[in-house]
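K.L.:
Below you'll find the structure I mean.
Numbering (the working numbering), first residue to last: 159 to 578.
Encoded structure:
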């Protein structure tokens, strides 16, 4: 590896989960975009540092160039893993072309605009019923009452998971994504050594519990095929062979976590933004602003995934720095979504923002979020049904964010919905 001496550096350690608990470090990202958009982030905890990429154009360049910037050695963590650990943990996220494309195509029909279109009536009915229960009912905790409920039931419908298992799916997702948050500490973790956990997807034994469900679902679909995504996976062939058990289970786990967490947190951040910016909510309710336009601004504002990571496969130049072969490169979508070169007044929540090429689902490469249409559908339906019933959204207490350097999560959000 080439030396990183004299390379421009971040002024704070972006890998520190505690740094993010009050929200992304906006001031540092603004400085980095202006002064050193590709900066070295040193670490002092036994893991090697990484390059923080904060400018929109550089993020797109890294996303597109899968030959130079590989996903195979980890995407969701800034830590270091060996080849055996990477292979055992590998999901669709940690694959490069052509393998990634082949595996993505196995379930893509279930996630296209046409594939998810049939969900809208069910999603709308469910959202309407939830809103009818809580509008004018006083203060309520919105994550548990509303934003957890919509995506998890939608996910169950897509995958063909019994709705009575939703509590398990939510708990596993919370444990896997929130392992750096003391509110999600699971005593079962202590039963496994660090080395054992590093061989588990997301580094947490909750993955093993989810795998038990995955195996049971796979066995059922082999005997009783249905029109769902699990059936697609068990019947699928890649390179002329069925998926191995590890491939199936890791794919299943990725769908469970990705299909639940990011949409939930986008909805939560969106509701908070509408409460904090009542004039924008009035603009939307007055008509004239397309639901998709408002949805895109909520997605940009929420930026539910702070970063994704790549590994440089060869020495290369990015911006003004030389990146060595083997260096970790983190693309900060949360910074790209506030890039002044692409968003006018990026720190303003603008429900009618017309020019909005946000990167909440990624940008410019093959890893563009598989479930983007499902997420957009749910957010759009939520604000449409909300607009029919609620004139004012009020924060009434807690706004409790997840302690995570990866996911922009909301653990608790106290609100009240007031009708016209």
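For every residue, glycine included, the Cβ atom is placed at its ideal position computed from N, Cα and C.
Quantities reported herein were computed from a predicted structural model and do not represent experimental measurements.
Let me check you understand the geometry: is the CB of residue 220 closer than 8 Å to at least one non-hydrogen atom of the ligand COA?
P.N.:
This structure does not include the ligand COA; it has no bound ligands of any sort.
K.L.:
Would you call residue 272 buried or exposed, if buried means 16 or more other Cβ atoms sit within 10 Å of its Cβ?
P.N.:
Exposed, because fewer than 16 other Cβ atoms sit within 10 Å of the Cβ of residue 272.
K.L.:
Using 8 Å for Cβ pairs, my map puts residue 198 next to residue 562. What's the rounded Cβ distance?
P.N.:
That pair is no contact at about 22 Å.
K.L.:
With DSSP collapsed to three states, give me the class of residue 369.
P.N.:
Of the three classes helix, strand and coil, the one that applies to residue 369 here is helix, per DSSP.
K.L.:
Cβ of residue 462 within 9 Å of Cβ of residue 567?
P.N.:
Result yes, Cβ atoms of residue 462 and residue 567 sit closer than 9 Å.
K.L.:
Please state the DSSP three-state secondary structure of residue 497.
P.N.:
Of the three classes helix, strand and coil, the one that applies to residue 497 here is coil, per DSSP.
K.L.:
Would you say residue 192 lies against chain D (beta-carbon separation less than 9 Å)?
P.N.:
Among the protein chains of the structure shown there is no chain D, as only one such chain exists.
K.L.:
Please list, in chain order, all residues of the same chain as residue 359 whose beta carbon is under 7 Å from its beta carbon, the five residues on each side excluded.
P.N.:
The residues are 247, 249, 365, 408 and 411.
K.L.:
Rounded C-beta distance between residue 509 and residue 447? I'm assuming under 8 Å.
P.N.:
Confirmed, about 6 Å.
K.L.:
Which word fits residue 343, buried or exposed, when buried means at least 16 other C-beta atoms lie within 10 angstroms of its C-beta?
P.N.:
So residue 343 counts as exposed.
K.L.:
Which residues mark the beginning and the end of the beta strand (DSSP E) in which residue 571 is found?
P.N.:
Counting along the chain, the beta strand (DSSP E) containing residue 571 begins and ends at 568-576.
K.L.:
With a cut-off of 8 Å, do at least 3 Cβ pairs link the region 524-542 to the region 306-315?
P.N.:
At 8 Å Cβ cutoff, the stretches touch.
K.L.:
Note down the Cα distance separating residue 466 from residue 489, rounded to an integer number of angstroms.
P.N.:
Residue 466 and residue 489: Cα-Cα distance of roughly 6 Å.
K.L.:
So, are the CB atoms of residue 471 and residue 228 less than 9 Å apart?
P.N.:
In this structure, residue 228 lies closer than 9 Å to residue 471 by Cβ.
K.L.:
Rounding to the nearest angstrom, what Cα-Cα distance links residue 507 and residue 431 in this structure?
P.N.:
Their backbone Cα atoms lie some 7 Å apart in a straight line.
K.L.:
Between which two residues does the alpha helix (DSSP H) carrying residue 286 extend?
P.N.:
Per DSSP, residue 286 belongs to the alpha helix (DSSP H) from 278-292.
K.L.:
Just list the alpha helix (DSSP H) runs in the region 369-411, keeping only unbroken ones of 4 residues or longer that don't cross its boundaries, in chain order.
P.N.:
Listed in chain order, the complete alpha helix (DSSP H) runs (minimum 4 residues) inside the region 369-411 are 387-393.
K.L.:
Name the one or two DSSP bridge partners that residue 490 has.
P.N.:
Per DSSP, 465.
K.L.:
Check residue 173 in the structure and name its three-state DSSP category.
P.N.:
Residue state, collapsed to three classes: coil.
K.L.:
Identify whether residue 231 lies in helix, strand or coil by the three-state DSSP scheme.
P.N.:
Here residue 231 sits in coil by DSSP.
K.L.:
How is residue 199 classed by DSSP in three states: helix, strand or coil?
P.N.:
In this structure, residue 199 counts as strand in the three-state DSSP scheme.
K.L.:
By a C-beta neighbour count over all protein chains shown, 10 Å radius and 16 as the cutoff for buried, is residue 576 buried or exposed?
P.N.:
Exposed, because fewer than 16 other Cβ atoms sit within 10 Å of the Cβ of residue 576.
K.L.:
If you draw a straight line from the alpha carbon of residue 267 to that of residue 259, how long is it in whole angstroms?
P.N.:
For residue 267 and residue 259, the distance between alpha carbons rounds to 13 Å.
K.L.:
Does the structure place the region 360-379 close enough to the region 318-336 that three or more beta carbon pairs sit under 8 Å?
P.N.:
Yes, the region 318-336 is in contact with the region 360-379.
K.L.:
Could you check how far apart the C-beta atoms of residue 253 and residue 261 are, in whole angstroms? I think they sit under 8 Å.
P.N.:
Between residue 261 and residue 253 the Cβ distance is about 6 Å, and since that is below 8 Å, they are a contact.
K.L.:
Output the distance between the C-alpha atoms of residue 398 and residue 392, rounded to the nearest integer angstrom.
P.N.:
Their backbone Cα atoms lie some 14 Å apart in a straight line.
K.L.:
Quick one, which of 346, 349, 170 and 225 has its alpha-carbon nearest residue 473's?
P.N.:
Of the candidates 346, 349, 170 and 225, the one whose C-alpha sits nearest the C-alpha of residue 473 is 225.
K.L.:
Please state the DSSP three-state secondary structure of residue 481.
P.N.:
In this structure, residue 481 counts as strand in the three-state DSSP scheme.
K.L.:
State the start and end residues of the unbroken beta strand (DSSP E) segment that holds residue 551.
P.N.:
550-559 is the extent of the beta strand (DSSP E) around residue 551.
K.L.:
Could you work out which residue in 230, 240 and 459 is closest to residue 511 when comparing CA atoms only?
P.N.:
When each option's Cα is compared against that of residue 511, the closest is 459.
K.L.:
For residue 350, I'd like the list of residues in its chain whose CB is within less than 6 Å of its CB, leaving aside the five on either flank, ordered along the chain.
P.N.:
For residue 350, where only same-chain residues beyond five positions count, the Cβ hits under 6 Å are 363.
K.L.:
Indicate whether residue 304 and residue 292 have their beta-carbon atoms separated by less than 9 Å.
P.N.:
For residue 304 and residue 292, yes; Cβs fall inside 9 Å.
K.L.:
So, residue 464 versus residue 492, is the Cβ gap smaller than 9 Å?
P.N.:
Contact flag set, yes.
K.L.:
Secondary structure at residue 226, three-state DSSP: helix, strand or coil?
P.N.:
Three-state DSSP puts residue 226 in coil, outside helix and strand.
K.L.:
When you compare only the Cα positions, how much space is there between residue 572 and residue 540?
P.N.:
Each residue's Cα considered, the two are about 17 Å apart.
K.L.:
Quick check: the Cα distance between residue 449 and residue 377, rounded to an integer number of angstroms?
P.N.:
Approximately 41 Å, taken between the alpha carbons.
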